[in-house]
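In the numbering used here, the protein residues as written are 41 to 943.
Every residue, glycine too, gets a C-beta built ideally from N, C-alpha and C.
Please read these numbers as outputs of a predicted model, since none were measured by experiment.
Report on the structure given below.
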């Protein structure tokens with residue numbers, strides 16, 4: 041792998057008084073050097089030349105490119121004046137350059153170009169914040185004339201050139217040169233994009249030159265519209281200039297993965313598959329971990345797709361040739377035997393507890409191999425702690441048993457943490473082999489602890505006031521962090537109670553561990569092992585992969601101080617060791633933590649509207665805020681909320697409006713209920729109606745006074761009488777793989793799409809199928825009622841029309857672009873929402889001509905629901921990753937606005 045080398049040249053002071061003194065260049069070079077040298081960002085070897093004569097800069101450039109090798113990435117940056125002679129040739133002004141004689145005193149860009157051409161490096165980046173005199177506007181100092189012509193001066197194969205501006209444009213330094221020196225607008229955004237990672241536009245963890253240019257261009261033009269940076273590139277492939285130092289799994293992907301709706305979780309597969317191919321190792325590990333979690337998804341389609349991504353092409357094992365070794369000569373064997381016999385009585389093994397020692401060595405070996413295979417903070421700390429335990433036993437001899445006994449107590453909590461990771465009760469980045477090795481390490485660790493406790497004879501605990509106070513401080517910090525994590529939590533409530541409480545229970549155990557350490561202080565070796573093992577627990581509980589927080593820093597500082605005081609100054613005031621007092625002290629963290637988690641209210645969540653419905657007069661839009669368990673009424677005219685939000689069951693995910701618009705039915709997938717809302721009075725009617733688990737689809741029959749709720753989890757349909765607000769009969773079997781339901785206008789037949797290739801028809805009176813399923817092909821996802829009894833079946837790549845007025849129908853599938861998911865209709869046109877790659881697609885189909893008459897492909901924030909006004913003028917799209925509900929004009933279609941949602 042080649043080196044990453046950078047040469048930065050900045051000139052702001054000139055011996056020729058005719059050239060204005062610049063302010064920004066020195067600031068530019070210093071800021072850029074800091075970010076390029078940072079090993080977590082770019083990791084360049086940087087050389088900086090400031091205010092140097094032309095001769096020295098020329099030699100430095102020649103040496104820089106002459107010593108570059110084929111695989112090196114080279115970067116040359118210049119900030120200062122640029123000069124042209126009468127023939128239009130460009131020169132870089134140095135400290136000793138004369139304004140009237142650039143040909144003999146300036147650095148010709150032709151020489152730079154030749155040095156670049158002759159360099160063996162295949163990846164060359166040139167960045168010019170190049171400028172010369174002339175003011176463009178009042179208090180704006182221009183840094184380029186009307187024709188820099190970068191491509192002609194420095195263009196060529198194998199290189200990328202970025203400039204602050206080009207022909208007929210200017211590069212500005214800011215509005216003043218007085219006071220604190222400002223940075224160049226161009227370089228300031230260049231540095232900011234690299235330092236913060238904001239230039240990682242596709243969020244893949246790498247910042248390419250193209251991404252950096254796009255980011256800088258937009259930022260510069262937004263601040264100075266008259267300045268337009270330029271890029272000239274003649275390279276193949278992409279050039280990665282830096283890593284995103286703050287990369288984390290994009291919030292929209294993390295939120296999607298927590299969704300209870302399979303169709304929403306499925307939208308995360310393709311982005312994760314793309315991240316799996318990233319060049320950034322941290323990005324690949326994170327993507328693989330999330331895909332491995334999805335292989336256990338309840339949806340077979342999602343788990344199969346996730347496994348397909350994981351089973352992609354991999355590098356096969358390298359065969360190692362077998363080498364035949366010659367048999368040892370007889371004389372060598374005899375000599376070896378004699379040597380063993382001679383030294384057998386001279387060797388004395390150290391007096392240590394060998395069973396405990398060997399188990400600890402095995403644990404350390406497993407942990408080290410795991411950390412090498414998959415490095416993470418947790419695996420590295422486990423390996424380091426167990427390695428220290430091996431060394432400590434060699435040094436402490438007989439006291440090593442006490443040390444391992446103390447180490448095993450936090451080892452038990454660490455084992456529980458690892459078990460939760462391996463069983464996916466808490467988020468984990470463990471792959472299979474490293475996970476098994478970590479498990480083997482913990483088994484050996486605990487076995488060593490058990491043997492140590494059996495063979496060790498502890499003394500009486502001697503808790504000391506100062507150590508107990510430090511332990512209590514650490515326990516309080518842990519409880520605060522646990523309560524805060526529980527309060528913030530994921531955006532969507534985790535429906536699995538065990539998964540939701542596991543981190544809380546483990547955190548409370550960590551607080552108990554912190555307080556129990558000084559209470560059961562039975563000697564320095566035991567105390568030292570306990571403190572050392574505590575670091576493993578803190579890393580496991582509060583993974584610092586996203587960067588340390590203020591609270592985690594405080595925790596580690598208090599814990600380190602506890603160990604330091606306990607080991608260096610062990611003497612102190614002993615506390616009474618009455619059993620009831622120690623028991624009460626140990627119970628306190630569990631009681632306080634449990635009460636705090638139960639009592640402290642959750643943090644406000646940003647509203648995310650999932651279910652949508654439009655009133656018959658097109659005046660109101662109803663939205664289900666799934667994160668905050670409420671229903672919003674929004675004016676389509678003012679685009680403001682009307683009235684208060686109504687509280688319903690947890691995770692309201694689907695809305696169904698009665699044909700007259702008077703009653704609104706809400707499927708609460710989190711609480712497995714249906715809420716009923718009187719629209720005119722705008723209030724919830726009665727108590728929630730219990731239905732089958734996790735209802736996700738609703739359909740209303742005004743003629744039969746029925747609401748039908750589909751539970752994909754139990755594959756059943758619950759029938760509800762809208763007059764009595766009670767369920768009717770038992771659960772009705774929906775058939776395998778149900779996707780959506782609909783009822784005809786008379787309320788006589790129920791239609792169930794099976795998400796494979798057909799639609800089942802059920803008689804609502806007999807509750808039995810009326811005929812064989814209707815074949816529609818193309819994996820039907822959505823059933824969209826239309827006018828005159830028409831039912832539109834939206835499939836993966838087709839749609840079909842079922843006439844519900846007749847018993848026998850043979851729909852003919854109509855072609856659609858692949859990726860369709862959800863539909864809506866105003867009677868004349870069919871509106872279909874789908875995906876294409878990472879973009880959302882909205883298509884409008886003329887039902888008379890059966891032709892697509894309008895289409896929009898754009899990033900709509902992972903759209904999940906589509907509603908159309910009955911007058912056919914507006915579409916409303918809810919999504920996960922953009923604030924509010926998007927408003928689309930059906931002519932086009934095109935986005936014309938947004939309805940903001942109140943928290």
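Item: The alpha helix (DSSP H) enclosing residue 727, as first and last residue numbers; Value: No alpha helix (DSSP H) contains residue 727, which is instead part of the beta strand (DSSP E) from 723 to 730.
Item: Cβ neighbours of residue 239 in the same chain (closer than 7 Å, five flanking residues each side left out); Value: 233, 247, 251, 252, 255
Item: Residue 727 to residue 715 span [Cα, whole Å]; Value: 7 Å
Item: Anticipated Cβ contact below 8 Å, residue 838 with residue 853, distance rounded; Value: 4 Å
Item: Alpha-carbon spacing of residue 557 relative to residue 570, whole angstroms; Value: 7 Å
Item: Delimiting residues of the beta strand (DSSP E) encompassing residue 561; Value: Residue 561 -> no beta strand (DSSP E), and no H or E assigned at all.
Item: Distance between residue 54 and residue 94 (C-alpha atoms, nearest Å); Value: 11 Å
Item: Span of the alpha helix (DSSP H), counted from its first residue to its last, around residue 634; Value: 619 to 639
Item: Presumed contact (8 Å Cβ cut-off) between residue 920 and residue 295, rounded CB distance; Value: 6 Å
Item: According to DSSP, residues forming a beta bridge with residue 789; Value: 803
Item: Rounded C-alpha distance that separates residue 183 from residue 158; Value: The predicted position of residue 183 is uncertain, since its pLDDT is 41 and thus under 50; a value taken from the coordinates is nonetheless stated next. Distance between the alpha carbons of residue 183 and residue 158: 29 Å.
Item: Chain-order list of residues whose beta-carbon lies under 6 Å from that of residue 942 (same chain, five-residue window excluded); Value: 681
Item: Per-residue burial, residue 835 [other beta carbons within 10 Å of its own, 16 or more giving buried]; Value: buried
Item: Residue 870 beta carbon less than 8 Å from that of residue 885; Value: yes
Item: Sheet register partners of residue 59 (DSSP bridge); Value: BP columns for residue 59 are empty, so no partner.
Item: Reduced DSSP category for residue 70 - H, G, I as helix; E, B as strand; rest coil; Value: helix
Item: Residue 281 and residue 199 closer than 8 Å at C-beta; Value: no
Item: Contact under 8 Å by Cβ, residue 116 with residue 169; Value: no
Item: Close beta carbons around residue 409, own chain, < 7 Å, minus the five adjacent residues each side; Value: 477
Item: Boundaries (first-last residue) of the beta strand (DSSP E) holding residue 121; Value: 113 to 124
Item: Cα-Cα separation, residue 315 to residue 237; Value: 16 Å
Item: Whether residue 938 touches residue 927 by CB criterion (8 Å); Value: yes
Item: DSSP-derived helix/strand/coil call for residue 427; Value: helix
Item: Pick from 563, 100, 554 that is closest to residue 601, judged by C-alpha positions; Value: 554
Item: Continuous alpha helix (DSSP H) stretch holding residue 818: start and end; Value: No alpha helix (DSSP H) contains residue 818, which DSSP labels as neither H nor E.
Item: Collapsed DSSP secondary structure at residue 905 in the structure displayed; Value: strand
Item: Residue 703 versus residue 856 - alpha carbon distance; Value: 34 Å
Item: Local Cβ density within 10 Å of residue 925, reported as buried at 16 or more and exposed below that; Value: buried
Item: Continuous alpha helix (DSSP H) stretch holding residue 312: start and end; Value: 309 to 315
Item: Residue 335 versus 439, 463, 456, 821, residue with shortest Cα-Cα distance; Value: 463
Item: Local conformation of residue 54 per DSSP, three classes; Value: coil
Item: DSSP state of residue 45 mapped onto helix, strand, coil; Value: strand
Item: Residue range of the alpha helix (DSSP H) that includes residue 330; Value: 321 to 334
Item: DSSP-derived helix/strand/coil call for residue 87; Value: strand
Item: Extent of the continuous beta strand (DSSP E) run through residue 670; Value: 670 to 675
Item: Which of helix, strand or coil DSSP assigns to residue 809; Value: strand
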